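A.B. asks: Here the sequence shown is numbered in my numbering, starting from 3 and rising by one per residue.
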Amino acid sequence: RALELLDGWGHVELAAWRLTGRGALLARIYHESDLLVAEALCEGMFDGLAPPALAGLLSGCTFEARAGRWREAPRVPKALLVPFGALDALAERLRHDEGAHHLPRTRPVDRGLALAAFQWAGGDRLERVLERAEMAPGDFVRNVKQLVDLLRQLAMVAPVPATADAARSAALGLERGVVAAMAGPLSAGPPSAGAEEEPGAGEGTGSPAKGASAQVSRADQSATGPGGQS
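#1: Return the chain-ordered list of same chain residues with a C-beta closer than 7 Å to the C-beta of V180, the five sequence neighbours on each side being excluded.
#2: I'd like to confirm the pairing. Which residues does DSSP put opposite E15 in its beta bridges?
#3: Cβ atoms of R97 and R113: under 7 Å apart, would you say?
#4: Cα separation between S35 and T64?
#5: How far does the alpha helix (DSSP H) with M47 in it extend, from its first residue to its last?
#6: Using 7 Å as the threshold, is the C-beta distance between A157 and R178 below it?
#7: Helix, strand or coil for L92 per DSSP?
#8: Which word fits G58, buried or exposed, when buried means at least 16 other C-beta atoms lie within 10 angstroms of its C-beta?
#9: From L21 to L7, what distance separates their C-alpha atoms?
#10: So, helix, strand or coil for H98, using DSSP?
#11: Roughly how many angstroms lie between the CA atoms of F120 and A52, to the nearest whole one?
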């Protein structure tokens, strides 16, 4: 079922049993919302955004408010209203398709950290950021570290150089002050940043699509052989 979903979204070609360019990008993203992030990246939803805006938008994929936490709609920077609308629509299409294939659904986009991430990446003071976010310092640091991890992955896989640069700058802008001081493990990521990825290394990490794309990647490499000859 996961392979059928990936085939429909253009990440694999089941008829040829091979991974597409989109699928190869997906295989390099390690996150529970990997398919949503890969699709948004391929659709150019992160392109043209300044680093603070990119941090704010991507936080929609990493942040999840505690049950009952948000009684009102979270505030979002005006610059992100349209991008969040597009990301929401993409997530809903993906969730609908996942449900049709009887697969676990990608969780909805959450705007709860968007304003805080936007302001912190833009250099605002911690006191002001926490006051507006109504978030405990520990929760803020934990969520920002998860966001930094995904931004660094985007910096490595984004096909548009300017987007990769923006992701790198956003990560640097977020990892300062109390976030940098409270060093610790981040969310699940690549086995070693910058290292060559083994076929299927992401299997079992993130969405069911991750394991499925890893299977096709392994099969494709086995079929072509080390030298690329069948």
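We put the CB at the ideal spot given by N, CA and C, even for glycine.
None of the values given here were measured: they were computed from a predicted structure.
C.D. replies: Per the coordinate set shown:
#1: Taken in chain order, the residues that qualify are L128, P139 and V143.
#2: R20
#3: Contact: no.
#4: 8 Å
#5: Run containing M47: none; DSSP gives neither H nor E here.
#6: no
#7: helix
#8: buried
#9: 13 Å
#10: helix
#11: So the alpha carbons of these two residues sit roughly 10 Å apart.
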